[in-house]
Amino acid sequence: MHGGDGAGADRPGVVGPEGRWLAAVMHTAFFLLLAASLSRFLLRHPGEPRTPWIIALSAVLALLYVLGPALGATPNPRRLLWLGAVVGVWVVLVVLAPSYAWCAVPLFYTGLRTLPTRAALALVTVLTALVVAAQLRLADGFDPNLAFAPPAVAAVATAVFVHMQRQTARQRALIDDLLRTRRELAATERREGTLAERQRLSMEIHDTLAQGLSSQRMLLQAADRVWETDAAAARAHVRTAGTIADRGLAEARRLVHDLAPVDLAEAGPDPAYALPAALRTLAGRESGAGLTVRFHAEGTPVPLAGRARSALLRIAQGALANVREHAGAGTAALTLTYLDDQVVLDVADDGRGFSPQAPGGTRGARGHGLPAIRARAAQLGGTLTVESAPGEGTVLSVAIPLGDGAYAGLDDEGREGREDRHGRHDERG
């Protein structure tokens, strides 16, 4: 028989669904053995003076056993008192009629379920000794089989039960750990999703509202400088600022509604030509106030997912905002190139340039524009390349691979359109 304090060894009364069938079997076995013992006594010893006592004690034992489940499975004082009463009545019956000794097997199970492991093992030892003594009383002489078989059976049954109890406790602990790990993982994913959404929103706001406000400030400052000397130029600056304010308001409303860029929403439903149309609109809108922006597309347009289209448009917006605010350029060019395996957006200007290798050189004066562009490209598995030198302008190039991420979210019609366009492009060679 096992002792020790393993996991779950001192947690009596903990029975899971897998143990309920065993409890039902043991309860049924107890009443069958009790009935068999009473029948055997009545058949072997009819009319004896102790017969009424045997019948009465059998009824009391059955009634006590029936009351057990109503007391619960936890080792509370009432259940311990109940177990003591059941064992006491059974001991009296064994003394009066040794054939009742076989009822000890279900009592082993009851004791192991109710008591801590060490106390249950002590009870099983006492019950086994009574069984051996009762069997030897029924035998004509000493029988080694009757002396050693009951302890062996009790040892095996107890070891199996304790092992099952500990396995159940370990499984329950593993399930608890799994549930706790799942909750922690879900919380971590929620936190990561929140951080990613915050970063995305910060880039959306930077590339739309913040850049628009910055352009409006520059235009209003320019209007203020020439207000007295060149009223027409001042009014032009104010009108341009008003146009930018209108676009910013529309972007803010769209951002609140579904975070989709306004230019893409107005470019039409075709996922292949929405991005070129939006970039052409952007170039026309950004032209003016000393900066001319041209747009050019190369290759056969392919339908991109909304996420990829939005990211490339935001990158173009952010890059042109940097050009207007920092480069001092007169002209800029947006070039969208569709290759077999990637789409490339180039933003070039003839401004003052800078040294990308210098500390902070790729960050720009405001410190957020190019890092935000790099982050947007990285989210789509793309790369950002910056080529510049002082006095030689700047070329910013973003390459997005045409993989599943770029096509994710397209419906069947969009995918078929992509395949058809690729097929025609391949046939043209």
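Be aware that the sequence shown starts at 1047, since it is given in my numbering, and climbs by one per residue. The beta-carbon is built from N, C-alpha and C at its ideal position, and this holds for glycine as well. On a predicted model such as this, the values are computed, not experimentally measured, just so you know.
Could you tell me the alpha carbon to alpha carbon distance between Q1262 and P1436, rounded to whole angstroms? As a working mapping, residue 1262 is identified with position 216 in the sequence shown. As a working mapping, residue 1436 is identified with position 390 in the sequence shown. Rounded to whole angstroms, Q1262 to P1436 spans 27 angstroms at the Cα level.
When you compare only the Cα positions, how much space is there between R1066 and V1172? On the sequence shown, position 20 is the one that residue 1066 refers to. On the sequence shown, position 126 is the one that residue 1172 refers to. Rounded to whole angstroms, R1066 to V1172 spans 26 angstroms at the Cα level.
Could you pull out every residue in the same chain whose Cβ sits closer than 7 angstroms to the Cβ of P1322, ignoring the five residues on either side in sequence? Your numbering for residue 1322 matches position 276 in the sequence shown. Contacts found: A1343, P1347, L1382.
By how many angstroms is the C-alpha of R1159 removed from the C-alpha of A1108? On the sequence shown, position 62 is the one that residue 1108 refers to. On the sequence shown, position 113 is the one that residue 1159 refers to. When rounded, the distance between both Cα atoms is 19 angstroms.
Residue range of the alpha helix (DSSP H) that includes A1131: Within the sequence shown, numbered from 1, the residue matching residue 1131 stands at position 85. Run containing A1131: 1123-1142, per the alpha helix (DSSP H) assignment.
Over the uninterrupted beta strand (DSSP E) stretch that includes F1341, give me the two end residues. Within the sequence shown, residue 1341 is the residue found at index 295, counting from 1. Looking at the DSSP string, the run of the beta strand (DSSP E) that includes F1341 is 1338-1344.
Is it buried or exposed for I1499, if we count other Cβ within 10 angstroms and need 16 for buried? It is not possible to answer for residue 1499, since the shown part of the chain is limited to 1047 through 1475.
For my contact list, L1103 and L1139 are in at a C-beta cut-off of 8 angstroms; report their separation, rounded to the angstrom. Position 57 of the sequence shown holds residue 1103. Position 93 of the sequence shown holds residue 1139. Contact flag correct, Cβ pair sits at about 5 angstroms.
Option in T1440, S1333, L1358, Q1363 with minimal Cα separation from A1424: The residue given as residue 1424 occupies position 378 in the sequence shown. With distances taken between Cα atoms, A1424 lies closest to L1358.
For the beta strand (DSSP E) holding Y1384, just list the boundary residues, first then last. Against the sequence shown, residue 1384 aligns to sequence position 338. Unbroken beta strand (DSSP E) run through Y1384: 1377-1384.
Roughly how many whole angstroms lie between the Cα atoms of G1399 and A1280? Mapped onto the sequence shown, residue 1399 falls at position 353. Mapped onto the sequence shown, residue 1280 falls at position 234. C-alpha separation (whole angstroms): 28 angstroms.
Tell me the DSSP secondary structure of P1190 in three-state form. Indexing the sequence shown from 1 puts residue 1190 at position 144. Three-state DSSP puts P1190 in a helix.
Would the stretch 1267-1287 and the stretch 1231-1240 be scored as touching if the rule is three or more Cβ pairs under 8 angstroms? no
Pick from L1127, G1134, I1101, P1092 that is closest to A1081, judged by C-alpha positions: For the purposes of this step, residue 1081 is taken as the residue at position 35 of the sequence shown. When only C-alpha atoms are compared, the closest one is I1101.
To the nearest angstrom, how far is the alpha carbon of H1372 from that of A1268? Start at 1 with the first residue of the sequence shown, and residue 1372 comes out as number 326. Start at 1 with the first residue of the sequence shown, and residue 1268 comes out as number 222. When rounded, the distance between both Cα atoms is 15 angstroms.
In this structure, how does DSSP classify P1322 when only helix, strand and coil are distinguished? Walking along the sequence shown from the start, residue 1322 turns up at place 276. Three-state DSSP puts P1322 in a helix.
Flag this pair as touching only if the stretch 1374-1393 and the stretch 1438-1445 have three or more C-beta atom pairs under 8 angstroms; answer yes or no. yes
Where do the ends of the alpha helix (DSSP H) carrying P1347 lie? As a position in the sequence shown, residue 1347 is number 301, starting the count at 1. P1347 -> no alpha helix (DSSP H), and no H or E assigned at all.
Short Cβ contact (9 angstroms threshold) for A1143 with S1083: Residue numbering aside, residue 1143 sits at position 97 when the sequence shown is read from its first letter. Residue numbering aside, residue 1083 sits at position 37 when the sequence shown is read from its first letter. Yes; because the gap between Cβ atoms is below 9 angstroms, this pair is in contact.
Distance, A1165 Cα to A1201 Cα: For this step, residue 1201 is matched to residue 155 along the sequence shown. For this step, residue 1165 is matched to residue 119 along the sequence shown. Roughly 15 angstroms between the two C-alpha positions.
Could you work out which residue in D1292, P1152, N1122 is closest to L1169 when comparing CA atoms only? What you label residue 1169 is simply residue 123 of the sequence shown in a count that begins at 1. The residue with the shortest Cα to Cα distance from L1169 is P1152.
Residue nearest to G1334 in terms of C-alpha spacing, selected from T1156, A1375, A1362: Counting from one through the sequence shown, the residue named residue 1334 turns up at place 288. Among T1156, A1375, A1362, the Cα nearest to that of G1334 belongs to A1375.
In the DSSP assignment, find the alpha helix (DSSP H) that holds V1390 and state where it starts and stops. Locating residue 1390 in the sequence shown gives position 344, where the first residue counts as 1. Not the alpha helix (DSSP H): V1390 falls in the beta strand (DSSP E), residues 1388-1395.
Boundaries (first-last residue) of the beta strand (DSSP E) holding A1445: In the sequence shown, residue 1445 corresponds to position 399, counting from 1. 1440-1447 is the span of the beta strand (DSSP E), which, as asked, contains A1445.
Short check: CB of M1249 to CB of G1330, under 9 angstroms? As a working mapping, residue 1249 is identified with position 203 in the sequence shown. As a working mapping, residue 1330 is identified with position 284 in the sequence shown. Not closer than 9 angstroms, so no.
State yes or no: is the C-beta of L1088 within less than 9 angstroms of the C-beta of T1074? For this step, residue 1088 is matched to residue 42 along the sequence shown. For this step, residue 1074 is matched to residue 28 along the sequence shown. Contact: no.
Simplified DSSP state of T1240, which is helix, strand or coil: Within the sequence shown, residue 1240 is the residue found at index 194, counting from 1. Note: T1240 maps to helix in three-state DSSP.
Give the C-beta separation of T1227 and F1154 to the nearest angstrom, bearing in mind that I take them to be a contact with Cβ-Cβ under 8 angstroms. By 1-based counting over the sequence shown, the position of residue 1227 is 181. By 1-based counting over the sequence shown, the position of residue 1154 is 108. The pair is not a contact, with the Cβ atoms about 37 angstroms apart (cut-off 8 angstroms).
Over the uninterrupted beta strand (DSSP E) stretch that includes D1430, give me the two end residues. Against the sequence shown, residue 1430 aligns to sequence position 384. This sequence places Leu at residue 1430; Asp is not what is there. Here the beta strand (DSSP E) through L1430 covers 1429-1434.
Hey, would you say T1338 sits closer than 9 angstroms to A1367, going by beta carbons? Locating residue 1338 in the sequence shown gives position 292, counting from the first residue. Locating residue 1367 in the sequence shown gives position 321, counting from the first residue. Going by C-beta atoms, T1338 is not nearer than 9 angstroms to A1367.
Distance, Cα to Cα, D1223 vs Q1245? Taking the sequence shown and counting its residues from 1, the one referred to as residue 1223 is at position 177. Taking the sequence shown and counting its residues from 1, the one referred to as residue 1245 is at position 199. Distance between the alpha carbons of D1223 and Q1245: 32 angstroms.
Looking at the secondary structure, which residues open and close the alpha helix (DSSP H) in which F1154 lies? Position 108 of the sequence shown holds residue 1154. Per DSSP, F1154 belongs to the alpha helix (DSSP H) from 1150-1160.
Does the distance from the C-beta atom of P1196 to that of V1178 stay below 9 angstroms? Counted from its first residue, the sequence shown places residue 1196 at position 150. Counted from its first residue, the sequence shown places residue 1178 at position 132. Yes, they are a contact pair.
Sequence-distant residues of its chain with Cβ nearer than 7 angstroms to A1147 (five each side left out): Reading the sequence shown from its first residue, position 101 is the one you call residue 1147. Result list for A1147: V1140, L1176, V1177, A1180, Q1181, in chain order.
Hey, out of W1136, L1448, Q1403, L1247, whose CA is closest to Y1111's CA? Residue mapping note: residue 1111 aligns to position 65 of the sequence shown, counting from 1. If we check each option's Cα against that of Y1111, W1136 comes out closest.
Please indicate yes or no: does the CB of A1205 lie closer than 8 angstroms to some heavy atom of the ligand ATP? Within the structure as shown, the ligand ATP is missing, as the structure has no ligands at all.
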